[in-house]
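Remarks on the structure that follows.
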Amino acid sequence: MHSGFNIVAPDQGLAAALQQKIDQKTKPLGALGQLETVAKKIGLIQQSLSPQLSPPQMLVFAGDHGAAKAGVSTFPQEATWQMVENFLTGGAAINVFARQNKMNLTVIDAGVAHDFGKRRGLIDAKIAPGTANYVEQPAMSAEQCAGAIARGAEISRNLAVNGCNVVGFGEMGIGNTASAALLTHCLTGTALGECVGRGTGLDDAGLVRKQALLGKALARYRAAGGDNQPLQVLAEFGGFEIAMMVGAMLGAAEARMVLLIDGFIVGAAALIATRLSPALTEYCIFCHRSAEPGHSAQLQVLGAEPLLDLGLRLGEGTGAALAWPLVEAAAAFLDEMASFAVAGVAEKSTGMS
Numbered sequence: 026m027h028s029g030f031n032i033v034a035p036d037q038g039l040a041a042a043l044q045q046k047i048d049q050k051t052k053p054l055g056a057l058g059q060l061e062t063v064a065k066k067i068g069l070i071q072q073s074l075s076p077q078l079s080p081p082q083m084l085v086f087a088g089d090h091g092a093a094k095a096g097v098s099t100f101p102q103e104a105t106w107q108m109v110e111n112f113l114t115g116g117a118a119i120n121v122f123a124r125q126n127k128m129n130l131t132v133i134d135a136g137v138a139h140d141f142g143k144r145r146g147l148i149d150a151k152i153a154p155g156t157a158n159y160v161e162q163p164a165m166s167a168e169q170c171a172g173a174i175a176r177g178a179e180i181s182r183n184l185a186v187n188g189c190n191v192v193g194f195g196e197m198g199i200g201n202t203a204s205a206a207l208l209t210h211c212l213t214g215t216a217l218g219e220c221v222g223r224g225t226g227l228d229d230a231g232l233v234r235k236q237a238l239l240g241k242a243l244a245r246y247r248a249a250g251g252d253n254q255p256l257q258v259l260a261e262f263g264g265f266e267i268a269m270m271v272g273a274m275l276g277a278a279e280a281r282m283v284l285l286i287d288g289f290i291v292g293a294a295a296l297i298a299t300r301l302s303p304a305l306t307e308y309c310i311f312c313h314r315s316a317e318p319g320h321s322a323q324l325q326v327l328g329a330e331p332l333l334d335l336g337l338r339l340g341e342g343t344g345a346a347l348a349w350p351l352v353e354a355a356a357a358f359l360d361e362m363a364s365f366a367v368a369g370v371a372e373k374s375t376g377m378s
């Protein structure tokens, strides 16, 4: 599907030289495992044998979901804006990990039902004060969805113009695991029940209620003739924060940036973005495997092997922030580690003994 973005897969002409450089480092072949894969990917993105990563910009997109009021989450909708305030005052997990790893952090109000005013570290990109309740009607109009995508792309393009070449994605929105479950079902074909998890900590009864509500929303959509086209599904069940992430991913890939993909909700945005522009996956580093059950289905369809598997299910971009030092390490060994020839170390013999 044509997305309107000019995203092309990195030229593979440098692949052999990058692999040779990796293989000639003072280590057994393949001994650095996934770090070698990441190093090669970064080299191809930047078309360089010695890629350089700028300090990453972590973007946390926030938006409210009308379905939260229907009971798909244990937390009230007001917790979205309260957590945004927590981000802005530096008290959330993503703030801690971003500070620890020297990542810049910006919060984007994509559609929170609250007026924050002008605040440091906050971009006001509000499409509307929350989506509609998709159990009863589409979450957003096609025009709102397109507007959110365009605004997200603009944010990434501005970062690229200012010299940033790494962007991490996080989110906040009460009820957005439910939205991600519906998107994952429609885009992967995985049974809806296998995509629905406990989110913010639902008990057994709450999980049953969540599954029933999402089943009702899906039945309404199918009865109206709804199909699995990515933009239609996004407008039907998505949140403004998810739609804006889609645009930001597309804009970042178009600018040849490295994309740090977090967990389940960010993964739902990545599913949409890759359906619109399949080459986008060549710019993505998948940072962790979420404990949310639907995330494994996303990763399988995306052909992704994440760097971490820590049982995380917090969101906010925390998995991306925790994986960033590994991404740095991959680029650093490619640039700084000595080769056998330079170090004067004997290579493994290929002759017969």
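The sequence shown begins at 26 in this note's numbering and counts up one residue at a time.
Don't be surprised by glycine CBs; every beta carbon is placed ideally from N, CA and C.
As the structure is a prediction and not an experimental result, all values here were calculated from the model.
1. What is the DSSP secondary structure of S166, reduced to helix, strand or coil?
2. With a threshold of 8 Å on Cβ separation, who are the neighbours of L69 within its own chain once the five nearest residues in sequence on each side are excluded?
3. One question on the structure: do M83 and F262 come within less than 9 Å of each other, judged by their Cβ atoms?
4. List the endpoints of the continuous beta strand (DSSP E) containing E196.
5. From which residue to which residue does the beta strand (DSSP E) around N31 run?
6. If you count every other CB in all the chains shown that lies within 10 Å of the CB of E361, and 16 or more means buried, which is it?
7. May I ask you to list the residues that DSSP assigns as paired with D285?
8. Looking only at C-alpha atoms, which of Q162, I310, A203 sits nearest to A249?
9. To the nearest angstrom, report how far apart I47 and P53 are at their CA atoms.
10. Considering only residues of the same chain and omitting the five flanking positions on each side of A345, which have a CB-CB separation below 8 Å?
11. Write down every uninterrupted run of the beta strand (DSSP E) in the region 185-261 whose length is 3 residues or greater and which is fully enclosed by it, in chain order.
12. Between which two residues does the beta strand (DSSP E) harbouring T131 extend?
13. Please check the pair A87 and I133, which I expect to be a contact at CB under 8 Å, by giving their CB distance rounded to whole angstroms.
14. Does the beta-carbon distance from F358 to A118 come in below 9 Å?
15. For V258 versus L208, is the C-beta distance shorter than 9 Å?
16. Excluding sequence positions up to five away, which residues of its chain have a Cβ less than 7 Å from the Cβ of G96?
17. Less than 6 Å between C-beta atoms, sequence neighbours within five positions excluded: which residues of the same chain meet that for M377?
Taking the geometry as given:
1. coil
2. P35, D36, Q37, L39, A40, L43, E307
3. Here M83 is not near F262, since their CB atoms are 9 Å or more apart.
4. 191-197
5. Counting along the chain, N31 falls outside any beta strand (DSSP E), and DSSP gives it neither H nor E.
6. exposed
7. Asp is not the amino acid found at residue 285; the sequence shown has Leu there. The partner list for L285 (beta bridge, DSSP) reads G193, I310.
8. For A249, the nearest C-alpha among the options comes from Q162.
9. Spanning the two alpha carbons is a distance of roughly 10 Å.
10. Correct list, in chain order: M83, G193, F194, G195, L285, I286, D287, V291, C312, H313.
11. 191-197
12. 129-136
13. About 7 Å separates the beta carbon of A87 from that of I133, a gap short enough to meet the 8 Å contact definition.
14. no
15. yes
16. R234, L238
17. Residue placement at M377 cannot be trusted, given a pLDDT of 38 that sits under 50; what the coordinates show is reported in the next sentence. So no residue of the chain qualifies.
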